[in-house]
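Protein chains in written order, with the working numbering: chain H, 17 to 638; chain S, 54 to 225.
By construction, the Cβ of each residue, glycine as well, lies at the ideal position given by its N, Cα and C atoms.
Note sheet for the following structure.
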Amino acid sequence: MALLQISEPGMSPAPHARRLAVGIDLGTTNSLVATVRSGVASVLPDQQGRALLPSIVRYLGDGRSEVGYAAQAHQTEDPKNTIVSVKRFMGRGLKDVAHVENAPYDFVDAPGMLQLRTCAGVKSPVEVSAEILRTLRTRAELSLGGELAGAVITVPAYFDDAQRQATKDAGRLAGLNVLRLLNEPTAAAIAYGLENAAEGIYAVYDLGGGTFDISILKLSKGVFEVVATAGDAALGGDDFDQRVFCWVVEAAKLPPLGARDMRKLLVKSREAKEYLTYHGEAPVSARLSSGDWVDLSLSTEKFCEITQNLVQKTLGPTRKALRDAGLAVEDVKGVVMVGGATRMPQIQRAVGEFFRRAPLNNLDPDKVVALGAAMQADVLAGNKPAGEDWLLLDVIPLSLGLETMGGLVERIVPRNSTIPVARAQEFTTYKDGQSAMSFHVVQGERELVSDCRSLAKFELRGIPPMTAGAARIRVAFQVDADGLLSVSAQEKTTGVEASVRVKPSYGLADADIERMLRESYEHARDDMHARALAEQRVEAERLLAATRVALAADAALLAPEERASIERAVAALDAVGGGSDHRAIKLATDALNRATEEFAARRMDASVRRALAGRNIANLDV
Amino acid sequence: MQNHFELFDLKLGFALDGAALEAAYREIQARVHPDRFAHAGDAERRASMQWTTRVNEAYRTLKSPVTRAQYLLELQGVDVGLETNTAMPPEFLLEQMELREALERAGAAKDAAALDRLRIGLRRDARLLEGALAEAIDARRDYAGAAGLVRKLVFLEKLGAEIDLAYEALEA
Numbered sequence: 017m018a019l020l021q022i023s024e025p026g027m028s029p030a031p032h033a034r035r036l037a038v039g040i041d042l043g044t045t046n047s048l049v050a051t052v053r054s055g056v057a058s059v060l061p062d063q064q065g066r067a068l069l070p071s072i073v074r075y076l077g078d079g080r081s082e083v084g085y086a087a088q089a090h091q092t093e094d095p096k097n098t099i100v101s102v103k104r105f106m107g108r109g110l111k112d113v114a115h116v117e118n119a120p121y122d123f124v125d126a127p128g129m130l131q132l133r134t135c136a137g138v139k140s141p142v143e144v145s146a147e148i149l150r151t152l153r154t155r156a157e158l159s160l161g162g163e164l165a166g167a168v169i170t171v172p173a174y175f176d177d178a179q180r181q182a183t184k185d186a187g188r189l190a191g192l193n194v195l196r197l198l199n200e201p202t203a204a205a206i207a208y209g210l211e212n213a214a215e216g217i218y219a220v221y222d223l224g225g226g227t228f229d230i231s232i233l234k235l236s237k238g239v240f241e242v243v244a245t246a247g248d249a250a251l252g253g254d255d256f257d258q259r260v261f262c263w264v265v266e267a268a269k270l271p272p273l274g275a276r277d278m279r280k281l282l283v284k285s286r287e288a289k290e291y292l293t294y295h296g297e298a299p300v301s302a303r304l305s306s307g308d309w310v311d312l313s314l315s316t317e318k319f320c321e322i323t324q325n326l327v328q329k330t331l332g333p334t335r336k337a338l339r340d341a342g343l344a345v346e347d348v349k350g351v352v353m354v355g356g357a358t359r360m361p362q363i364q365r366a367v368g369e370f371f372r373r374a375p376l377n378n379l380d381p382d383k384v385v386a387l388g389a390a391m392q393a394d395v396l397a398g399n400k401p402a403g404e405d406w407l408l409l410d411v412i413p414l415s416l417g418l419e420t421m422g423g424l425v426e427r428i429v430p431r432n433s434t435i436p437v438a439r440a441q442e443f444t445t446y447k448d449g450q451s452a453m454s455f456h457v458v459q460g461e462r463e464l465v466s467d468c469r470s471l472a473k474f475e476l477r478g479i480p481p482m483t484a485g486a487a488r489i490r491v492a493f494q495v496d497a498d499g500l501l502s503v504s505a506q507e508k509t510t511g512v513e514a515s516v517r518v519k520p521s522y523g524l525a526d527a528d529i530e531r532m533l534r535e536s537y538e539h540a541r542d543d544m545h546a547r548a549l550a551e552q553r554v555e556a557e558r559l560l561a562a563t564r565v566a567l568a569a570d571a572a573l574l575a576p577e578e579r580a581s582i583e584r585a586v587a588a589l590d591a592v593g594g595g596s597d598h599r600a601i602k603l604a605t606d607a608l609n610r611a612t613e614e615f616a617a618r619r620m621d622a623s624v625r626r627a628l629a630g631r632n633i634a635n636l637d638v
Numbered sequence: 054m055q056n057h058f059e060l061f062d063l064k065l066g067f068a069l070d071g072a073a074l075e076a077a078y079r080e081i082q083a084r085v086h087p088d089r090f091a092h093a094g095d096a097e098r099r100a101s102m103q104w105t106t107r108v109n110e111a112y113r114t115l116k117s118p119v120t121r122a123q124y125l126l127e128l129q130g131v132d133v134g135l136e137t138n139t140a141m142p143p144e145f146l147l148e149q150m151e152l153r154e155a156l157e158r159a160g161a162a163k164d165a166a167a168l169d170r171l172r173i174g175l176r177r178d179a180r181l182l183e184g185a186l187a188e189a190i191d192a193r194r195d196y197a198g199a200a201g202l203v204r205k206l207v208f209l210e211k212l213g214a215e216i217d218l219a220y221e222a223l224e225a
């Protein structure tokens, strides 16, 4: 007979405490925040009931800023201080950005990432994005009535390492615990797949404001597996606006325009594009600062003609993704449409013709990414009991490699590798007595370094003098579950091991983030110390709880003295955990982390053994 | 450390039960994946990352016939000699040169149908080689012979990559 368990008085496990977790779609045009409540994902609206937050930030002269609709209302009168579509600048230098001449900003070309000069000072795109994220965080905390334990932020699948790093930095800067960067089409697939119990091969066609992704996924019960992804990180609805804008300038024979007129006509161009989704003809009329009127009419035919090659540009990556997946159009069971730009009829038509089936439009293309991100955040926060959660297998979109002699790229990690992934390669010296070696990490598919994106450069020094070709330098690439890369190098033959770790040069240094955080807190009159203490306490509690669960389940994996040492570390953290010295808590937390390292590894090994043993038993039943 | 076959509890050999590999891979991933440990302590997160990385590498190695054969030969202490052994049978080289010329012609003529034909032919040749590899490794244990077959298969794989590039050029 099974015995019922009764816990010791005062030790009863707390009722399952839900951690507040959100999914954030940080879009080029609009951003959203969503969460899961009572098992249902929903978008959190602002106090006026609006779900979307326009991704627009306006800096005011007095240290304040406006985000969203308030900023949007002033975009034509204050274009230089009102930043729209900042996502296009994330992790990008000035030379990487298309249509710079049509963007009404004061750009500052900084190494790595461009910056913008505003009345509130020079701002990096990371800081501008953090303003948007902070607004969404506040919205979520007010609406959910508590501090967020974590957030999943979505990124275009085709974002490279620099763009991902910039996004994660923006999350940290906004005071978010970023649980994961999740690819937008993957998030959409989660929302679609769970809603429709979809199984089989699906394509997600995601045309947003500034980016295009195509992902091919294999869906089966409890598993979302990305087989291949491709795209264009600089192609989106904005480009359709640009085409209309250029058409207006040409058709109305306009002279070179000032920033205000430019912004005004861009807004009108966007409105005309949206109008054409439901009408055959759109008026474009505006009064310029010169007093002249622009009064034109854009027909659907003309619109399709001037944007036709943009539509075609999405089909190349689509073919490539299918090819990489080793699949044909016939293998695809459904095409999920994501992103506001997929509302355009010519896009719907082109996708339908390509896949020879009607695209799936049953989820709101503006919201599906945020909803999927919220569902994933719920899983990552540990709110879903085992068995009800799912496994997500995603890939890196672009190959990673190193520059070798002659400016050629040696590919180390191929695109569409399932993450996390680690790969190493050995290199050797070129000259006798060579004591240093420099490495250039690049991302992209082309043979020449100059055609790929440069991510980082670093040097390995102190190689002992040897003849050319004798040294063995092992360079290791590690891509984590966020798709972020770290690289290390070491010389092996002589036992002398030098190693370096790099962070892509486009990312901000930790010190920069800390400084910006400090500034933002000072600005908000927040108490840095109180915040650090609260965060450290949460971390300590989390670790203590996890350790106790682990000890209760798997103490058998430990020798008595090992167990005693972990328990000592637990007691030490317990003793300081309630105090007010955040450094002491951090030290004790780190000590407990170190004390449980080996235990964690053994538990994982045991878990894998059990997985396979369980499978064998299951096989016997058949 | 367990070899990749032991890790997935599979029989050592070139012939592979793909469904069993996938099931075992997912079974292990479900327990070690970083998504399971996003709210855990540093130690657990690190162990999870190491395990997942290893499982991904093992899965990738076994899934593709070329890397699976190479790995099996490595386990037998046989070097495939991709870089050192470049001697190939003349008739194979001749055939490869002809295929490459056909590829160049198809690319220059922007002839997608010709590329399709090349790709289908390539797949057929690869299947034949894979059959021969199973025979050499699993039945005859002729590892030196198998190494030669792997080198041929690598040749075909490179041609496949070039066909893909030709498609991309055509679509651009």
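Same chain only: Cβ atoms within 8 Å of residue i, ignoring 5 sequence neighbours per side
i: Glu215(S); result: Arg153, Leu156
i: Tyr220(S); result: Ala165, Leu168
i: Val312(H); result: Checking the sequence, you will find Leu at residue 312(H) rather than Val. Result list for Leu312(H): Val264, Ala267, Ala268, Pro299, Val300, Ser301, in chain order.
i: Ala616(H); result: Ala566
Neighbour-count burial assignment, residue i, 16 or more Cβ in a 10 Å radius
i: Tyr112(S); result: buried
i: Tyr639(H); result: Absent from the model: residue 639(H). The displayed extent of chain H is 17 to 638, so no value can be given.
i: Pro95(H); result: buried
i: Leu69(H); result: buried
i: His92(S); result: buried
i: Pro118(S); result: buried
i: Asp394(H); result: buried
i: Trp309(H); result: exposed
Anticipated Cβ contact below 8 Å, residue i with residue j, distance rounded
i: Ala37(H); j: Thr51(H); result: 7 Å
i: Arg488(H); j: Glu442(H); result: 5 Å
i: Ala341(H); j: Ile479(H); result: The Cβ separation is near 42 Å, so there is no contact.
i: Val411(H); j: Val220(H); result: 13 Å between Cβ atoms; not a contact.
i: Leu408(H); j: Thr202(H); result: 7 Å
i: Tyr174(H); j: Ala246(H); result: 7 Å
i: Val243(H); j: Ile81(S); result: Contact doesn't hold; Cβ gap of about 19 Å is too wide.
i: Ala611(H); j: Ala629(H); result: Between Ala629(H) and Ala611(H) the Cβ distance is about 29 Å, and since that is not below 8 Å, they are no contact.
Spatial neighbours of residue i in its chain, beta-carbon cut-off 7 Å, leaving aside the 5 residues before and after
i: Arg553(H); result: Gly593, Ile601
i: Val207(S); result: Val119, Leu135
i: Phe90(S); result: Glu97, Arg98, Ser101
i: Lys400(H); result: Asp394
Close beta carbons around residue i, own chain, < 6 Å, minus the five adjacent residues each side
i: Thr151(H); result: Val83
i: Gln362(H); result: Cys320, Val327
i: Gln88(H); result: Pro70, Ile72
i: His86(S); result: Thr105
i: Asn193(H); result: Gly166
i: Phe58(S); result: Leu65
Beta-carbon neighbours of residue i, restricted to chain H and to distances below 7 Å
i: Met102(S); result: Pro436, Asp496
i: Thr120(S); result: Neighbours of Thr120(S) on chain H: none; closest Cβ ~12 Å, over 7 Å.
i: Asn56(S); result: Chain H residues near Asn56(S): none, gap ~14 Å exceeds 7 Å.
i: Leu84(S); result: The sequence shown places Arg at residue 84(S), not Leu. Correct list: Ser623, Val624, Ala627.
Under 8 Å by beta carbon: chain H residues contacting residue i
i: Gly198(S); result: Neighbours of Gly198(S) on chain H: none; closest Cβ ~28 Å, over 8 Å.
i: Glu224(S); result: Leu331, Gly332, Arg335, Lys336
i: Thr106(S); result: Pro436, Val437, Ala438, Gln494
Where residue i meets chain S, residues with beta-carbon distance less than 9 Å
i: Asn6(H); result: The displayed coordinates of chain H run from 17 to 638. Any statement about residue 6(H) would go beyond what the structure contains.
i: Arg196(H); result: Pro87, Asp88, Ala91
Beta-carbon neighbours of residue i, restricted to chain S and to distances below 7 Å
i: Glu613(H); result: Ala96
i: Val395(H); result: Asp88
i: Ala617(H); result: Ala100
Contacts of residue i in chain S (Cβ-Cβ under 8 Å)
i: Leu407(H); result: Arg79, Gln82, Ala83, His86, Asp88
Per-residue contacts from residue i into chain H (C-beta, under 9 Å)
i: Tyr220(S); result: Arg335, Lys336, Arg339
What are the start and end residues of each continuous alpha helix (DSSP H) run of 4 or more residues lying completely inside the stretch 581-617 of chain H, in chain order?
Segments of the alpha helix (DSSP H) lying fully in the stretch 581-617 of chain H: 598-611.
Kindly provide the ranges of any alpha helix (DSSP H) runs that are 4 or more residues long and lie completely inside the stretch 163-230 of chain H, ordered along the chain.
Along the stretch 163-230 of chain H, the alpha helix (DSSP H) occurs as fully enclosed runs of 4 or more residues at 177-189, 200-212, listed in sequence order.
Which full runs of the alpha helix (DSSP H) of 4+ residues lie inside the stretch 256-321 of chain H, going along the chain?
Listed in chain order, they are 275-292.
At 4 residues or longer, and completely inside the stretch 148-197 of chain S: list those alpha helix (DSSP H) runs for me, N to C.
165-187, all fully within the stretch 148-197 of chain S.
Output the residue ranges of the alpha helix (DSSP H) runs that lie fully inside the stretch 64-119 of chain H and measure 4 residues or longer, sorted by chain position.
Within the stretch 64-119 of chain H, the complete alpha helix (DSSP H) segments at least 4 residues long are 85-89, listed from N- to C-terminus.
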